[in-house]
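Here the working numbering runs 12 ahead of the position in the sequence shown, where the first position is 1. Structure, as structure tokens:
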Amino acid sequence: MKKLKIMEINVLGTKYKIYVSTPDQDEKLKTCDGYIIPEAKMIILDRNNKSIHQEHVLTHEITHAFLYESGLDVETWANNEEIVDWIALQLNKMFKTTNESLKKLKPYYTKPKEAEQNGWTKTKKFSNQY
Ligand SMILES: [Zn+2]
């Protein structure tokens, strides 16, 4: 397997190396556009992928890495390619919508000090229950 290292990424504190290769040099790329070897902390992409598709393949493999590093690789749903692909496709939209809504939310919550002055208890208003 001949491959070129193009970057390193941090997945929940674990370093993963990203490589590009070609189906001629990596047999596995004859049946997929990219793959992950989580035990080796490696992601391999087919360097022949077109740009937008390459971005999706990398996002997909990074999603696998996050699930693996979260210990969720033992869960059936976390190994479901359709779910991993859905997360990879929607991730940026979810991030954008969440950030926009959190900015709009700011005027509608009270800072902890103000809350204490108003007699609100932390457990009532500022617990981490959602
Ligand atoms: Zn996958």
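Backbone N, C-alpha and C define an ideal beta-carbon position, used for all residues, glycine too. Keep in mind the model is a prediction, meaning the values are calculated, not measured.
By the beta-carbon neighbour count (other beta carbons within 10 angstroms, threshold 16), D36 is exposed. Residue ranges of uninterrupted alpha helix (DSSP H) with 4 or more members, entirely inside the segment 51-129 and ordered along the chain, are 63-81, 93-117 and 124-129. A distance below 8 Å between beta-carbons, with the five flanking residues on each side excluded, links H68 to the following residues of its chain, in chain order: A100 and L101. A buried status is given to G46, since no fewer than 16 other beta-carbon atoms sit within 10 Å of its beta-carbon. Within a 10 Å sphere around the beta-carbon of Y121 sit fewer than 16 other beta-carbons, which makes this residue exposed.
Three or more beta-carbon pairs separated by less than 8 Å are not found between the segment 58-66 and the segment 81-88, which leaves the two stretches without contact. Ranked by Cα distance from L79, the options K105, L24 and E39 are led by L24.
From the listed residues E128, K17, L70 and T26, the smallest Cα separation to L103 is found for L70. Taken atom to atom, the span from the alpha-carbon of I48 to that of K29 is near 10 Å. Secondary structure at K15: coil, using DSSP grouped into helix, strand and coil.
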